[in-house]
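Novice:
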Amino acid sequence: MIKISVPTTNSPTADLSPELAQTLPVVETFHSIQGEGAWAGTNAFFIRLGGCDVGCPWCDTKHSWNPKRHPQQTIGTLVSAAKAANPQIVVITGGEPLMHNLTLLTQQLKAADLQVHLETSGAHPFSGHFDWVTFSPKRFKPPHPSIYTQASELKVVVATEADLAWAEQQAAQLSPTVDKRLQPEWETSDSQQIVFNYVLKHPEWRVSLQTHKFLGVQ
Ligand code: SF4
1 MIKISVPTTN
11 SPTADLSPEL
21 AQTLPVVETF
31 HSIQGEGAWA
41 GTNAFFIRLG
51 GCDVGCPWCD
61 TKHSWNPKRH
71 PQQTIGTLVS
81 AAKAANPQIV
91 VITGGEPLMH
101 NLTLLTQQLK
111 AADLQVHLET
121 SGAHPFSGHF
131 DWVTFSPKRF
141 KPPHPSIYTQ
151 ASELKVVVAT
161 EADLAWAEQQ
171 AAQLSPTVDK
181 RLQPEWETSD
191 SQQIVFNYVL
201 KHPEWRVSLQ
211 THKFLGVQ
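Under the working numbering, the first residue of the sequence shown is numbered 1, with each subsequent residue one higher.
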């Protein structure tokens, strides 16, 4: 894994266009592989935005929840860092990235010839222009209706049997062509067996594993 540091203060904005001078709270950026879902194994540059109000008890990025704890970065800085990494895909994640309007950021990333993916719980109105949208709904804050026509894949984290019913409720609201994956919750010992058993009985679902955690990378 190559980790790319982003300055903790804004870059000078005097020379930037108004679009590139807009800012967002950024927890971190890093260059790694996409560990999960349909694009697992792909060279990816991650932009983790600050802010989340979903409240998953098993969240592994709780430090991202308060956007005020993270420095504002210009869109120009983020696009430059992503371009320099030369990834196959750029993944905008969080936190819950749809707490922010993603239109300008995604426009500028695509203007730089980058393929742009989103990881979202769908809990806020949809914005932005994406090549792929991973919809990972959470029972703790139901999705906004705007996500259901945008999702490319459905990825549901499973900690208990109750999550399987939630997964089916969400799948029923999506096109049948959307990829459907169940991902065992990493810290819950029973979750792998629950997912394994379910997928054997329901072949329309696949297993998603957090391969980056098995590899010990970010
Ligand atoms: S939606 Fe994601 S970032 Fe927010 S609490 Fe749940 S797991 Fe954590």
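Heads up, the beta-carbon is just placed ideally off N, CA and C, and yes, glycines get one too.
#1: Unbroken alpha helix (DSSP H) runs of length 4 or more, entirely within the stretch 76 to 159: which are they?
#2: Please classify T74 as buried or exposed, where buried requires at least 16 neighbouring CB atoms within 10 angstroms.
#3: Please list the terminal residues of the continuous beta strand (DSSP E) segment that includes P184.
#4: At a cut-off of 6 Å, would you count K138 as near ligand 1, judging by its Cβ distance to the nearest heavy atom?
#5: Return the residue from the list S64, G95, L104, A112 that minimises the CA-CA distance to A84.
#6: Within a Cβ cutoff of 7 Å, which residues of the same chain sit near L16, ignoring the five residues on either side of it in sequence?
#7: Would you say the stretch 116 to 128 touches the stretch 81 to 97, given that touching needs at least three Cβ pairs under 8 Å?
#8: Below 7 Å CB to CB, which residues in the same chain sit around Q108 once its five sequence neighbours on both sides are set aside?
#9: Using the rule of at least 16 other Cβ atoms within 10 Å of the residue's Cβ for burial, across every protein chain shown, is E153 buried or exposed?
#10: Of the residues P67, P71, F46, P57, which one's Cα is nearest the Cα of I89?
Specialist: The short version:
#1: Secondary structure remark: continuous alpha helix (DSSP H) runs of at least 4 residues inside the stretch 76 to 159, in chain order: 103 to 111.
#2: Buried is the call here.
#3: 179 to 184 is the extent of the beta strand (DSSP E) around P184.
#4: Yes, ligand 1 has a heavy atom inside 6 Å of this Cβ.
#5: Comparing Cα-Cα distances from A84 to each of S64, G95, L104, A112, the minimum goes to A112.
#6: Only T74, G76 meet the Cβ criterion.
#7: The answer is yes - the stretch 81 to 97 touches the stretch 116 to 128, with three or more Cβ pairs under 8 Å.
#8: In chain order, E19, L20, I75, V79 place their CB closer than 7 Å to the CB of Q108, counting only its own chain and leaving out the 5 sequence neighbours on each side.
#9: The residue in question, E153, is buried, as its Cβ has 16 or more Cβ neighbours within 10 Å.
#10: Put simply, of P67, P71, F46, P57 the residue whose alpha carbon is nearest the alpha carbon of I89 is F46.
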